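Oh and the sequence shown: position 286 is 432 in our numbering, straight run, nothing missing.
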Amino acid sequence: MNEGLTKEYRVKLLETFAAFDRFCKANGIKYYAAYGTLIGAVRHKGLIPWDDDIDVYMLREDYDKFCSLKGKVMDHYDIMDINDDGYWLLSLAKFVDTNTTLWEFKNRPLILGVYIDVFPLDECNMEQVITLKNRYDKYSLLVAQSMMRYSLGDILHSLFRLKLKCLLLQISCVFYKRHKYAYYKQKYLSCVEDIKKSKGNFLVSYDGPYGMGEVLDKKLFSESVLVPFESMSIEVPIGYEECLKSIYGDYMKLPPKEKRISHHSRYYLNLNHRLSFSEISREISLRGKI
Numbered sequence: 147m148n149e150g151l152t153k154e155y156r157v158k159l160l161e162t163f164a165a166f167d168r169f170c171k172a173n174g175i176k177y178y179a180a181y182g183t184l185i186g187a188v189r190h191k192g193l194i195p196w197d198d199d200i201d202v203y204m205l206r207e208d209y210d211k212f213c214s215l216k217g218k219v220m221d222h223y224d225i226m227d228i229n230d231d232g233y234w235l236l237s238l239a240k241f242v243d244t245n246t247t248l249w250e251f252k253n254r255p256l257i258l259g260v261y262i263d264v265f266p267l268d269e270c271n272m273e274q275v276i277t278l279k280n281r282y283d284k285y286s287l288l289v290a291q292s293m294m295r296y297s298l299g300d301i302l303h304s305l306f307r308l309k310l311k312c313l314l315l316q317i318s319c320v321f322y323k324r325h326k327y328a329y330y331k332q333k334y335l336s337c338v339e340d341i342k343k344s345k346g347n348f349l350v351s352y353d354g355p356y357g358m359g360e361v362l363d364k365k366l367f368s369e370s371v372l373v374p375f376e377s378m379s380i381e382v383p384i385g386y387e388e389c390l391k392s393i394y395g396d397y398m399k400l401p402p403k404e405k406r407i408s409h410h411s412r413y414y415l416n417l418n419h420r421l422s423f424s425e426i427s428r429e430i431s432l433r434g435k436i
């Protein structure tokens, strides 16, 4: 995105976060800032200057309640989760501005909008967490790959460019994995049920990217505190310092300038209208990009 569009996106993102915060408070749902959003709240009192997404944690009970309110959100917002067609993100839900259009990856056809990522936190113990995490990662990846869509043009492009890893993945997804979607999803859902049954003195986000660094003492989430975030005040876990140290180490240290970039893909973005796949294709075609 260009700089002007990035600023416009961040404005829309903060509007969506404010609506999410109001919705959670109105329905008695507790959330905690997570990942870069938590760093932003503590270090910058708002969004990290080069970041353009917002992440929150919810304890499993609150997460399930949140997802149960899908279709009952006020105004032009809604909740997207595993029950939506094409939703390959699985265990995390999204609070979405339905007046906007966001298609992130060309080969993963899913229309979102400007969104807040919601990660469930599940109880765990050290005896089970590694086994469950490995099992979860295996089947969530297979489900996601079985939902990827590649054209003949994509395959030929990888072949002619000698991108062998891409080529093997594309062929596997097209000719094998997509036909096993139902099997992989059943295995994934079975794993999630076992995760929900797990008990212990720790919490973990199984969909989080930081492995064992995200196995956190339950006491860190025993309460929340309000901290400034842009023009809002948001909830963070009372043990936020220990959470951040466990995941990031020295979280107050800025990364090198070359790493101060967004890592999110946006194949198509419209901040003013909700479009279908066919409408997006027509618009891209008119721009001469297909």
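Glycine residues also receive a C-beta, built at the ideal position from the N, C-alpha and C atoms. Small disclaimer: the values here were computed from a predicted structure and weren't measured.
Using CA atoms only, rank isn't needed, just tell me which of the options is closest to residue i.
| i | options | result |
| --- | --- | --- |
| ALA328 | LEU160, VAL289, LEU366, PRO266 | VAL289 |
| GLN332 | VAL373, LEU236, ASN245 | LEU236 |
| ASN229 | GLY217, SER424, PHE348, TYR223 | GLY217 |
| ILE200 | ASP167, HIS325, LEU215 | ASP167 |
| VAL202 | ASN418, ILE393, VAL382 | VAL382 |
| GLU369 | ASN245, ASN347, TYR178 | TYR178 |
| TYR386 | ILE194, LYS153, THR246, ILE185 | ILE185 |
| LYS284 | GLU269, TYR334, ASP210 | TYR334 |
| SER292 | GLU376, VAL275, ILE317, SER424 | ILE317 |
| SER424 | ASP224, PRO255, LEU193 | PRO255 |
| MET358 | LEU159, CYS270, LYS153 | CYS270 |
| LYS342 | LEU248, TYR155, LEU267, PHE241 | LEU267 |
| GLY174 | LYS326, ARG189, PHE212 | PHE212 |
| VAL219 | ARG412, ARG281, PHE169 | PHE169 |
| ASN418 | LYS311, THR246, ASP224 | THR246 |
| ASP221 | TYR181, VAL242, ILE194 | VAL242 |
Helix or strand or just coil, what does DSSP make of residue i?
| i | result |
| --- | --- |
| ARG254 | strand |
| ILE276 | helix |
| ASP243 | strand |
| LEU248 | strand |
| LEU288 | helix |
| TYR356 | coil |
| THR162 | helix |
| ASP197 | coil |
| SER318 | helix |
| TYR282 | helix |
| ASP231 | coil |
How would you call residue i, buried or exposed, if buried means at least 16 neighbouring beta carbons within 10 angstroms?
| i | result |
| --- | --- |
| GLU360 | buried |
| ALA187 | buried |
| ASP208 | buried |
| GLY259 | buried |
| LYS345 | exposed |
| TYR352 | buried |
| PHE251 | exposed |
| ARG428 | exposed |
| ASP396 | exposed |
| ALA172 | exposed |
By the DSSP assignment, the beta strand (DSSP E) with residue i in it spans what residues?
| i | result |
| --- | --- |
| ASP340 | Looking at the DSSP string, ASP340 is not in any beta strand (DSSP E); the run it does join, the alpha helix (DSSP H), is 327 to 343. |
| ASP221 | Taken as a continuous stretch (DSSP letters only), ASP221 belongs to no beta strand (DSSP E), as it is neither H nor E. |
Check the DSSP bridge columns for residue i and list the partner residues they point to.
| i | result |
| --- | --- |
| TYR386 | In the DSSP output, where bridge partners are listed per residue, TYR386 has none listed. |
| ASP363 | PHE348 |
| MET378 | PHE375 |
| ASN416 | THR247 |
| MET226 | LYS240 |
| VAL157 | For VAL157, which the question treats as bridged, DSSP gives no partner whatsoever. |
| VAL202 | ALA179, VAL264 |
| SER392 | SER392 pairs with nothing; no bridge assigned. |
| SER370 | PRO383 |
Could you check where the alpha helix (DSSP H) with residue i kicks off and where it finishes?
| i | result |
| --- | --- |
| ASP130 | The chain is shown from 147 up to 436; residue 130 falls before or after that span and cannot be answered. |
| LEU267 | LEU267 -> not in any alpha helix (DSSP H); beta strand (DSSP E) instead, spanning 261 to 270. |
| SER427 | 423 to 432 |
| ILE175 | No alpha helix (DSSP H) holds ILE175; DSSP gives it neither H nor E. |
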